[in-house]
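Number of protein chains: 2
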Amino acid sequence: MNTLSFGLLSLISHSPLSGYDLMLKIQPFWPAKHSQIYPLLATLEKNHQVTYELVSQSDKPDKKVYSITSKGIESLRNWLTEPASDPVMRDELMLKAYCISLVDPATSRKLFNARLEHYRNKISRFEDRISQIRAASGLQENGFPPHNSPNFGAFILLHKALMSSRTNIQWCEWVLSAIPPEEI
Amino acid sequence: MNTLSFGLLSLISHSPLSGYDLMLKIQPFWPAKHSQIYPLLATLEKNHQVTYELVSQSDKPDKKVYSITSKGIESLRNWLTEPASDPVMRDELMLKAYCISLVDPATSRKLFNARLEHYRNKISRFEDRISQIRAASGLQENGFPPHNSPNFGAFILLHKALMSSRTNIQWCEWVLSAIPPEEI
DNA sequence: TGCTTTTATGTATTTATTTACATATTTCAA
DNA sequence: TTGAAATATGTAAATAAATACATAAAAGCA
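Read top to bottom, the protein sequences are chains H and E. Here the first sequence is numbered in our numbering, starting from 1 and rising by one per residue. Here the second sequence is numbered in our numbering, starting from 1001 and rising by one per residue.
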């Protein structure tokens, strides 16, 4: 069973989800296309880690909603006792940054401004969802959901995403401050 | 030509490097095994983006040292004008964090303490290398290498790595502060 | 009515990446 | 002196991931 399979199990452990919903929801943590997800769900079902229910929808196409089994929960508990492998980050901008001195300041600025936009767009979504969890859990300023609450995981992940985005924005702005302004 | 090929070109554009050196050097930006790198270098050479020189060593095995050609530089300049694709981050700890409420605080702590160690180990190496560049370029406190200097790229990348590591450490410590202490 | 988008699920093919297999030299430690 | 580790280069096989192919229902628009 590969990491993505455990990731799907992890999401399903919170609440039943369709393959399509899983595909959308797992993107921030472990990007994957639906073509990778559907076959893994079929395998998880074959191994009795999950079950699914066909749900007819009148407004949208029908779907399969997957739920975790007790065997699936057991798999997750076991997986959690093993150390997490190192994170893998692949960012084309890093490779471009290394040889950025080959091009003019205008070309350079474009790259970092685009990335700045990328992170700014993400940040507002994270802030909204943190507020939602705070409200739903009745938390004050610096409060956490309890460690044994399912909200704990989502809460700390949103904070990580928010902190990382803010740091990346700071970095982009710092880099842009060192690129000479375009002359007119 | 894929992203890794451009990454190799980008590193070679600073100074000639062997396949083995490239493999070691590219890890922080675009992890890759030597088995992926050697065939790409052969293709780059076939397309006249790089040339290599056989270098005999008395203390170590002989090696092929690759240098960039003017055609290679042209490829890089062209590539730099295209927008950088979105960064891809895959972190098993994020998937584990999402269902962390399934396990006891002790198991939970182990995961985050291990990750804390991971980032602390990285941070000291980055600080050392930033000092090296500062000294070599004769820079003061808040100074940058000039935008058209090859050092500019390495300098901003090291700062990004340092800033990200610090943020990740803060996040791990913040999470650990919310996990109940182990009872004895 | 025909066109696009979103939701929904799947398979086939190609590309990217990892792991394993293979070889060779030097240094260092048990 | 045998074995491990680092340096060095390569290929083969397996797995992971992306792209493309395929179908379909509903909604909204022109």
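Idealized CB from N, CA, C, for every residue including glycine.
Not a single CB atom of chain E sits nearer than 8 Å to the CB of His48(H). At a cut-off of 8 Å between C-beta atoms, Glu45(H) does not count as an interface residue with respect to chain E.
Cβ-Cβ separation between Ala1161(E) and Pro1028(E): approximately 6 Å, consistent with a contact (criterion under 8 Å).
Every alpha helix (DSSP H) stretch that sits fully inside the stretch 1050-1090 of chain E and reaches 4 residues is listed by chain position as 1070-1081. Taking 8 Å as the CB threshold, Phe1144(E) lines the interface with chain H.
Per DSSP, the unbroken alpha helix (DSSP H) holding Ile26(H) starts and ends at 19-26. Counting along the chain, the unbroken alpha helix (DSSP H) around Met1094(E) starts and ends at 1092-1098. In the assembly as shown, Arg1115(E) is a buried residue. Its beta-carbon has 16 or more other beta-carbons within 10 Å. Looking only at Ser13(H), Leu4(H), Ser5(H), the smallest Cα-Cα distance to Val1103(E) is reached by Ser13(H). Under the Cβ distance rule, Lys160(H) counts among the residues neighbouring chain E, one pair being separated by less than 8 Å. Contact check for Arg109(H) against Ile37(H) fails: the beta carbons are separated by 8 Å or more.
Take the alpha-carbon of Ser1056(E) and the one of Leu95(H): they are about 30 Å apart. Take Ile169(H), set aside five residues on each side of it, and the residues of its chain with a beta-carbon closer than 7 Å to its own are Leu116, Tyr119, Arg120, in chain order. Contact between the stretch 1004-1021 of chain E and the stretch 1039-1051 of chain E is present, with at least three C-beta pairs closer than 8 Å.
Sequence-distant partners of Ile100(H) (beyond 5 residues in either direction) whose C-beta falls short of 8 Å from its own C-beta, in its chain, are Ser108, Leu111.
For Pro105(H), the enclosing alpha helix (DSSP H) has its first and last residue at 105-137.
Boundaries cannot be given for Asn1142(E), as no alpha helix (DSSP H) includes it and DSSP labels it neither H nor E. Non-local beta-carbon contacts of Glu1182(E) in its own chain, meaning distances under 8 Å to residues more than five positions away in sequence, involve Pro1105, Ala1106, Arg1109 in chain order. Taking a beta-carbon distance threshold of 8 Å, Arg77(H) counts as an interface residue toward chain E. Check the Cα spacing between Val175(H) and each of Ser1035(E), Cys1172(E), Pro1145(E): the tightest is with Pro1145(E).
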